[in-house]
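In this note's numbering, the protein residues as written are 16 to 171.
Ideal placement from N, C-alpha and C gives every residue a C-beta, glycine not left out.
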């Protein structure tokens, strides 16, 4: 199997549908339908910003912020973490993926975030436009990283 990769600067977005793990235990079909809805809402947004939809792992889905389903359907809440940094991006066979510390930090920002909020790193904040509304959250302890300043992205 051939491995082709290159180093890139990327903004990595992790989202979690709050309560998804319980939903999978209670109603697997509804959980599957919810993932389909989220994918159909988020993937076009990611692609419109020259992003790539890489993968889904149970309750982790890469994408952009969408706080409820379209057309007045049942609302759902996301917890989102965004980090920016260097990644190794590449193909192993037919599968594209990214690896690196920046990916791990994005996942930890999501898992330590708050429901309905977008938690970002200071590095991500540096890439936002000047008129972006950002609130300092606090120093958050991230596993294997120590204390890190984090922010909530309120508006771009």
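Using the beta-carbon count (16 or more within 10 Å), is residue 117 buried or exposed? buried
Cβ atoms of residue 139 and residue 99: under 7 Å apart, would you say? yes
How many angstroms separate the CA atom of residue 145 from the CA atom of residue 95? 21 Å
Going by Cα to Cα distance, which pick from 52, 48, 105, 158 is closest to residue 126? 158
Go through its chain and collect everything with a Cβ distance to residue 128's Cβ below 7 Å, but skip five positions before and after it. Correct list, in chain order: 94, 95, 96, 134.
Backbone CA spacing between residue 111 and residue 62 [nearest angstrom]: Looking at the two C-alpha atoms, the distance is approximately 15 Å.
In this structure, how does DSSP classify residue 81 when only helix, strand and coil are distinguished? Low local confidence applies: a pLDDT of 37 at residue 81 is under 50, so the model's placement there is unreliable, with the coordinate-based value given in what follows. Of the three classes helix, strand and coil, the one that applies to residue 81 here is coil, per DSSP.
How many angstroms separate the CA atom of residue 166 from the CA atom of residue 92? 19 Å
Rounded straight-line distance, which links the Cα of residue 123 to that of residue 163: 11 Å
Specify, as a first and last residue, the run of the beta strand (DSSP E) that residue 133 falls within. 133 to 136
Tell me which residue opens and which closes the beta strand (DSSP E) that residue 150 is part of. 148 to 157
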